[in-house]
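>
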Amino acid sequence: MFLMDDTIQDASALIIDSNANSRSLMSAQLRDLGVGTVRQTPRVKDARVMLEHQTFDIVLCDYHFDTSDTSGQDLLDELRREGLLPYSTVFVMVTSEATYAKVAEAAEAALDAYLIKPYTSANLAERLASARLRKRILKDIFEAIENQDFETAANLCMARFETKGKYWLYAARIGAELLLRLKRFDDAKKLYEAIIAAKTVPWARLGVARTEVASGNMQAARRTLENLIGELPDYADSHDLMGHVQMEQGDLKEALKTYQTAATLTPGCLLRLQRCGSLGFYAGERTEALRMLERAMSQGLRSKLFDMLSLVLIGLMRFDNKDFKGFKYAHDALAAALERSPGSIRLQRFDLVFRGLGYLLERRVGQAMVMAREFTGHADAGNFDLEAASLLTALWIRLSSQEVELEEMMPILRGLGMRHCTTKASTEILVSMAETHQGAAEQFRECHQQVFNVAETAMRHSMRGSAKVAVELLIQQGERTRNAKLIDMAGAVLKRHAEKIENAPQLSEQIEALSGRYVRPMSGQSTPKAHSPGGVVLRTAPTPMPA
18 MFLMDDTIQD
28 ASALIIDSNA
38 NSRSLMSAQL
48 RDLGVGTVRQ
58 TPRVKDARVM
68 LEHQTFDIVL
78 CDYHFDTSDT
88 SGQDLLDELR
98 REGLLPYSTV
108 FVMVTSEATY
118 AKVAEAAEAA
128 LDAYLIKPYT
138 SANLAERLAS
148 ARLRKRILKD
158 IFEAIENQDF
168 ETAANLCMAR
178 FETKGKYWLY
188 AARIGAELLL
198 RLKRFDDAKK
208 LYEAIIAAKT
218 VPWARLGVAR
228 TEVASGNMQA
238 ARRTLENLIG
248 ELPDYADSHD
258 LMGHVQMEQG
268 DLKEALKTYQ
278 TAATLTPGCL
288 LRLQRCGSLG
298 FYAGERTEAL
308 RMLERAMSQG
318 LRSKLFDMLS
328 LVLIGLMRFD
338 NKDFKGFKYA
348 HDALAAALER
358 SPGSIRLQRF
368 DLVFRGLGYL
378 LERRVGQAMV
388 MAREFTGHAD
398 AGNFDLEAAS
408 LLTALWIRLS
418 SQEVELEEMM
428 PILRGLGMRH
438 CTTKASTEIL
448 VSMAETHQGA
458 AEQFRECHQQ
468 VFNVAETAMR
478 HSMRGSAKVA
488 VELLIQQGER
498 TRNAKLIDMA
508 GAVLKRHAEK
518 IENAPQLSEQ
528 IEALSGRYVR
538 PMSGQSTPKA
548 HSPGGVVLRT
558 APTPMPA
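Counting in our numbering, the sequence shown tops out at residue 564, every number present.
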């Protein structure tokens, strides 16, 4: 039998298996190997919560669960994608011969080891010893990641890759993820392409597409993904990223179909349920959206992977259906979350939407107006993002259906449009929130065209040798509209032509001030993970337009 390392007695383990006999056997095997603490759970739902709130050194997880649509692989993918499983944790998948091919393919990506039933204690010891040895050899990389020193961690991975040191392929995978986070797209692509050359694996090809998306080359990303999906139609992550590309190109209907494919491939994935439900809401397919979001709520309300925006969208649909009971249930769930995190600006804004809608259900229009105006008071804040703008739009639109004069509504929505219509996708989100109010929908599209016209005018100035005029125009319009696209573009043009602009330092200071206030602020909100393969993201700054 393989000898375990001396620290095994300090290790903690989690067993996830729906079969009580299997859990008992695994527990005994781990204790015989010297593992100090062993916990068990029969359900993926409970395992997800346990793994979110506690770090385990070892996880033994069965692939198939009779009582759940979620497989062990789905759980692992979700935890890895959202950064909720430390790199230092050894994750071992236990599978039958029938599902071996799927697990073997997954092992190329995120698994540390896998076991095929039936297996012996010696098999388990061998897999654990090998995986823990790899963790020790790469310890400096993992420690740098845990210390949030991603630059050091990425450089360590690059060094191991370049020298072809032990476990260089594994280190290359980690390094490529880190380089994407650090926006070192060329280095990330180099690693992914080297991995493909060494051994063609789907996650490396997906990584190439992700670098193309991150650098703004949507057409190249789409071609890469079309080829990958054509060869591996069951690889859900590629559908995720394709849906994201389609969203960026403003094609909500096609993006929804793509996300639905990903959700069908992994029916128990909490994130994909919410993604489909959210996009279904924006695309106008409300019945299906409500079904998927409420299913996500029932499966994972306690999970860190559950986004409270889902509750607000459920509340809006329950309000539109005049379902008082369903509306109150969603509001109560949001109130409980706000009680746990009373300082969250995001949850406070969600509560304003619920309270405004609640007053409308009670026909207290005056009180609903107070809520809408209070929410509108947040709109000048730096962290008032597209998500907040879309919900404020939804509240005012529902107020306008109460047969009251709302002269203030259209100017408010125009301000939101000029700031948040940065891309075709963001514009279509706001248009969808306008519901059947044609005037509001047309105004949002006009805002998008005006923003585009400003950007196009600045580009013409830049190309004709008047870069300073272009930068000053973009700064002026960025300050007036708070539009992140224009502010980002000002920075890009200045960076390219700084040596030709005499007052470049002063202009740079103005851009940095605007950017710090309106492009990068995320106070009170959760930052989307940089390594997510793709999704309906309403809380990130737009991709800068090339100058």
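We put the beta carbon where it would ideally sit given N, CA and C, even for glycine. Note that the structure is a prediction, hence the values are computed from the model and not measured.
Taking one C-beta from the region 505-519 and one from the region 445-460 each time, how about it: are there three or more such pairs within less than 8 Å?
no
> Going by alpha carbons, who is nearest to residue 321 out of 68, 373, 416?
Translated into positions along the sequence shown, residue 321 becomes position 304. Checking every option, the nearest Cα to that of residue 321 belongs to 68.
> Excluding the 5 residues flanking residue 547 on each side, which residues of the same chain have their C-beta closer than 6 Å to its C-beta?
Start at 1 with the first residue of the sequence shown, and residue 547 comes out as number 530. Residue confidence is low: residue 547 scores 33 on pLDDT, short of 50, so the model does not pin down where it sits. Its coordinate-derived value is still stated next. Same-chain partners within the cutoff: 198.
> Ends of the beta strand (DSSP E) at residue 32?
Indexing the sequence shown from 1 puts residue 32 at position 15. Counting along the chain, the unbroken beta strand (DSSP E) around residue 32 starts and ends at 29-33.
> Identify which residue in 66, 37, 24 has its Cα closest to the Cα of residue 54.
By 1-based counting over the sequence shown, the position of residue 54 is 37. Nearest to residue 54 by C-alpha distance, out of 66, 37, 24, is 24.
> Along the alpha helix (DSSP H) that carries residue 453, what are the first and last residues, could you check?
Position 436 of the sequence shown, counting from 1, holds the residue named residue 453. Note, residue 453: premise wrong, no alpha helix (DSSP H); not H, not E.
> Determine the direct distance from the alpha carbon of residue 113 to that of residue 376, and round the result to whole angstroms.
Residue mapping note: residue 376 aligns to position 359 of the sequence shown, counting from 1. Residue mapping note: residue 113 aligns to position 96 of the sequence shown, counting from 1. Inter-residue distance for residue 376 and residue 113 is about 55 Å (C-alpha atoms, whole angstroms).
> Report the rounded CA-to-CA distance for residue 18 versus residue 285, giving the unit in angstroms.
For the purposes of this step, residue 18 is taken as residue 1 along the sequence shown, with counting starting at 1. For the purposes of this step, residue 285 is taken as residue 268 along the sequence shown, with counting starting at 1. Unreliable positioning characterises residue 18 in this predicted model, as indicated by a pLDDT of 45, which lies under 50. A coordinate reading is not provided.
> Determine the burial state of residue 359: buried for a count of at least 16 other Cβ atoms within 10 Å of its Cβ, exposed for fewer.
Translated into the one-based positions of the sequence shown, residue 359 becomes position 342. That one is exposed.
> Can you tell me which of 403, 281, 259, 282 puts its alpha carbon nearest to the alpha carbon of residue 271?
Indexing the sequence shown from 1 puts residue 271 at position 254. Cα-wise, what sits closest to residue 271 is 259.
> Among the residues of its own chain, which have a CB less than 7 Å from the CB of residue 347, if the five just before and after it don't count?
Position 330 of the sequence shown, counted from the first residue, corresponds to residue 347. Once the five neighbours on either side are set aside, the close Cβ partners of residue 347 are 328, 331, 332, 335.
> List the whole-angstrom C-beta distance separating residue 435 from residue 464, where the pair is believed to meet the contact cut-off of C-beta under 8 Å.
As a first step, residue 435 must be located in the sequence shown, where it is residue number 418. As a first step, residue 464 must be located in the sequence shown, where it is residue number 447. Confirmed, about 5 Å.
> Please classify residue 77: does DSSP put it in a helix, a strand, or coil?
Walking along the sequence shown from the start, residue 77 turns up at place 60. Three-state DSSP puts residue 77 in a strand.
> In the DSSP assignment, find the beta strand (DSSP E) that holds residue 527 and state where it starts and stops.
Counted from its first residue, the sequence shown places residue 527 at position 510. Where residue 527 is concerned, there is no enclosing beta strand (DSSP E), although the alpha helix (DSSP H) around it starts and stops at 521-535.
> Can you check whether the CB of residue 491 is closer than 8 Å to the CB of residue 506?
What you label residue 506 is simply residue 489 of the sequence shown in a count that begins at 1. What you label residue 491 is simply residue 474 of the sequence shown in a count that begins at 1. Contact: yes.
> Does residue 490 come within less than 8 Å of chain D when only Cβ atoms are used?
The structure shown contains no chain D; it holds only a single protein chain.
> If you drop the 5 nearest sequence neighbours on each side, which residues of the same chain put their C-beta closer than 6 Å to that of residue 219?
Position 202 of the sequence shown, counting from 1, holds the residue named residue 219. Here the set comprises 249, 252.
> Looking only at its own chain, which residues have a Cβ that is under 7 Å from the Cβ of residue 486, when we skip the five neighbours before and after it?
If you number the sequence shown from 1, residue 486 lands on position 469. For residue 486, where only same-chain residues beyond five positions count, the Cβ hits under 7 Å are 478.
> Is it true that the region 361-374 meets the region 400-417, where meeting means three or more beta-carbon pairs spaced less than 8 Å apart?
These segments touch.
> Between the beta-carbon of residue 39 and the beta-carbon of residue 83, is there less than 8 Å?
The sequence position of residue 39 within the sequence shown is 22, counting from 1. The sequence position of residue 83 within the sequence shown is 66, counting from 1. The answer is no: Cβ separation not under 8 Å.
> Near residue 157, which residues of its chain fall below 8 Å by C-beta distance, leaving aside the five closest residues on each side in sequence?
As a working note, residue 157 is residue 140 in the sequence shown. Excluding the 5 residues flanking it on each side, residue 157 has same chain C-beta neighbours closer than 8 Å at 173, in chain order.
> Which class does residue 419 belong to by DSSP, given the choice of helix, strand or coil?
To locate residue 419, count along the sequence shown from 1; it is residue 402. Residue 419 falls in the coil class under three-state DSSP.
> Put residue 110 into one of helix, strand or coil per three-state DSSP.
Looking up residue 110 in the sequence shown gives position 93. Note: residue 110 maps to strand in three-state DSSP.
> How about residue 193 and residue 233: do their beta carbons lie closer than 8 Å?
Counting from one through the sequence shown, the residue named residue 193 turns up at place 176. Counting from one through the sequence shown, the residue named residue 233 turns up at place 216. No, Cβ-Cβ distance for residue 193 and residue 233 is not below 8 Å.
> How far does the alpha helix (DSSP H) with residue 187 in it reach, from first residue to last?
As a first step, residue 187 must be located in the sequence shown, where it is residue number 170. Residue 187 -> alpha helix (DSSP H) spans 185-198.
> Any idea what DSSP makes of residue 252, helix, strand or coil?
As a working mapping, residue 252 is identified with position 235 in the sequence shown. Here residue 252 sits in coil by DSSP.
> If I follow the unbroken alpha helix (DSSP H) through residue 276, where does it start and stop?
Looking up residue 276 in the sequence shown gives position 259. Residue 276 -> alpha helix (DSSP H) spans 269-282.
> Could you tell me whether the Cβ atoms of residue 41 and residue 61 are closer together than 8 Å?
Numbered from its first residue, the sequence shown carries residue 41 at position 24. Numbered from its first residue, the sequence shown carries residue 61 at position 44. Going by C-beta atoms, residue 41 is not nearer than 8 Å to residue 61.
> Can you grab the Cα-Cα spacing for the pair residue 314 / residue 323, in whole Å?
Along the sequence shown, read from residue 1 onward, the residue named residue 314 stands at position 297. Along the sequence shown, read from residue 1 onward, the residue named residue 323 stands at position 306. Cα to Cα, the separation comes out at about 7 Å.
> When DSSP labels each residue in this structure, what does residue 132 get in the three-state scheme?
Numbered from its first residue, the sequence shown carries residue 132 at position 115. DSSP places residue 132 in strand when its eight states are reduced to three.
> Leaving out five residues on either side along the sequence, give the residues of the same chain with a beta carbon under 6 Å from the beta carbon of residue 239.
Here residue 239 corresponds to residue number 222 of the sequence shown, with the count starting at 1. Closer than 6 Å at the Cβ level, and outside the excluded window around residue 239, lie 262.
> Take residue 484 and list the residues in its own chain whose beta-carbon comes closer than 8 Å to its own, dropping the five residues that flank it on each side.
By 1-based counting over the sequence shown, the position of residue 484 is 467. Within the same chain, residue 484 has close Cβ partners 478, 510, 511, 513, 514, 517, 518.
> Hey, residue 531 and residue 489: beta-carbon distance below 8 Å or not?
Against the sequence shown, residue 531 aligns to sequence position 514. Against the sequence shown, residue 489 aligns to sequence position 472. For residue 531 and residue 489, no; Cβs fall outside 8 Å.
> Do you know offhand how far residue 326's Cα is from residue 356's?
As a position in the sequence shown, residue 326 is number 309, starting the count at 1. As a position in the sequence shown, residue 356 is number 339, starting the count at 1. Residue 326 and residue 356: Cα-Cα distance of roughly 16 Å.
> Have a look at 499, 521, 522, 520 and flag the residue whose alpha-carbon is nearest the alpha-carbon of residue 533.
Reading the sequence shown from its first residue, position 516 is the one you call residue 533. Taking the Cα of residue 533 as reference, the smallest distance to any Cα among 499, 521, 522, 520 is reached at 499.
> Take every Cβ of the region 127-143, pair it with every Cβ of the region 154-170, and state whether three or more of those distances are shorter than 8 Å.
no
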